[in-house]
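Trainee: Quick one: the structure is below, and I'll ask about it shortly.
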Amino acid sequence: MKKLAVLGASGHGKVVADTAQCSGWDQVDFYDDAWPGRVHNGVWHVVGDSAALLARFHEYQGVIVAIGNNAVRSTKLASLSDIDAPIVSLIHPKAFVSQYSSIGPGSVIFAGAVVNADAKIGRGAILNTGCSVDHDCILGDTVHVSPGARLAGAVSVGDRSWVGIGASVKQLITIGCDVVVGSGASVVSNVPDGVIVVGVPAKVIKTA
Numbered sequence: 185m186k187k188l189a190v191l192g193a194s195g196h197g198k199v200v201a202d203t204a205q206c207s208g209w210d211q212v213d214f215y216d217d218a219w220p221g222r223v224h225n226g227v228w229h230v231v232g233d234s235a236a237l238l239a240r241f242h243e244y245q246g247v248i249v250a251i252g253n254n255a256v257r258s259t260k261l262a263s264l265s266d267i268d269a270p271i272v273s274l275i276h277p278k279a280f281v282s283q284y285s286s287i288g289p290g291s292v293i294f295a296g297a298v299v300n301a302d303a304k305i306g307r308g309a310i311l312n313t314g315c316s317v318d319h320d321c322i323l324g325d326t327v328h329v330s331p332g333a334r335l336a337g338a339v340s341v342g343d344r345s346w347v348g349i350g351a352s353v354k355q356l357i358t359i360g361c362d363v364v365v366g367s368g369a370s371v372v373s374n375v376p377d378g379v380i381v382v383g384v385p386a387k388v389i390k391t392a
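One point on numbering: in this note's numbering, the residue at position 81 of the sequence shown is 265, and numbering is uninterrupted.
Have a look at this one:
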């Protein structure tokens, strides 16, 4: 029996668990620091907190972090990596992922997502429902590309950045680390680290 441990019993976690079961995992257990006050996440059981997972990871063939906050997900992944937990990636069977792309450990790719040739996805990324990452894109660690977002060819996105729902990014654009691209934004010029950009065309509205 293939058993998966999921850290983070959220709505996002439900989609991760569903993707896991669609991908052949037989049992999915959640761990969340709201336990024991919370013992279910939808149809799945919450069986312990994050400390319990660190103690019990050897009981599982795979471990994944299902926390939407990019910075928190990065920290949790680092803790699991430090103890050599079996961090896995999940790809929904109704996603298209080119055989010529590369996907880092701990990443999730949901139904309808497209990853084209020579795209490179870092560890712990979220490629959400129906997004597209075109040829030669490079995504850093714990990036989140939201539902319906579109990255054209050879876009670079830095660590922990978030591309909002329905946003689009022109080809050859570089987006820095710790950036938030607002929902529906159209990014047509490079974006520095640590800013929020919104609008059409996207403009900086807040700096770190």
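We treat Cβ as the ideally placed atom computed from N, Cα and C, and that holds for glycine.
Under a three-way DSSP split, which group does ARG334 fall into?
Mentor: Of the three classes helix, strand and coil, the one that applies to ARG334 here is strand, per DSSP.
Trainee: Taking 7 Å as the threshold (C-beta atoms), are LEU274 and SER176 in contact?
Mentor: One cannot answer for residue 176 here, as it falls past the ends of the chain, which runs 185 to 392.
Trainee: Which residues mark the beginning and the end of the alpha helix (DSSP H) in which ALA199 is found?
Mentor: Residue identity check: residue 199 is Val in the sequence provided, not Ala. Looking at the DSSP string, the run of the alpha helix (DSSP H) that includes VAL199 is 195-206.
Trainee: Relative to the C-alpha of VAL373, which candidate in ASP318, HIS224, ILE357 has its C-alpha closest?
Mentor: It is Ser, not Val, that sits at residue 373 in the sequence shown. Looking at the Cα atoms, ILE357 is the closest of the given residues.
Trainee: Identify every run of the alpha helix (DSSP H) within the stretch 203-277, keeping only runs that are complete inside it and at least 4 residues long; order them along the chain.
Mentor: Counting whole runs of 4 or more residues, the stretch 203-277 contains the alpha helix (DSSP H) stretches 234-240, 254-266.
Trainee: What does the Cβ neighbour count give for SER286, buried or exposed, with the cut at 16 atoms within 10 Å?
Mentor: Classification of SER286: exposed, given that the 10 Å Cβ count is below 16.
Trainee: Determine the contact status of CYS315 and VAL329, defining contact as a CB-CB distance below 7 Å.
Mentor: Contact: yes.
Trainee: On the DSSP bridge list, what partners appear for LEU311?
Mentor: Partner(s): ILE293, VAL329.
Trainee: Would you check if there are 3 or more beta carbon pairs closer than 8 Å linking the stretch 247-254 to the stretch 227-236?
Mentor: No, they do not touch.
Trainee: Could you check what DSSP says for LYS354 in three-state terms: helix, strand or coil?
Mentor: Residue state, collapsed to three classes: coil.
Trainee: Tell whether a beta-carbon distance below 7 Å holds between VAL382 and ALA369.
Mentor: Taking 7 Å as the Cβ cut-off, VAL382 and ALA369 qualify as a contacting pair.
Trainee: Measure the CB-CB distance between LEU188 and GLY232 and report whether it falls below 7 Å.
Mentor: Not a contact, by the Cβ cut-off of 7 Å.
Trainee: Within 10 angstroms of its Cβ, does VAL223 collect 16 or more other Cβ (buried), or is it exposed?
Mentor: With fewer than 16 other Cβ atoms within 10 Å, it is exposed.
Trainee: What residue from PRO220, HIS319, GLY296 has the CA that sits closest to GLN283's CA?
Mentor: Among PRO220, HIS319, GLY296, the Cα nearest to that of GLN283 is on HIS319.
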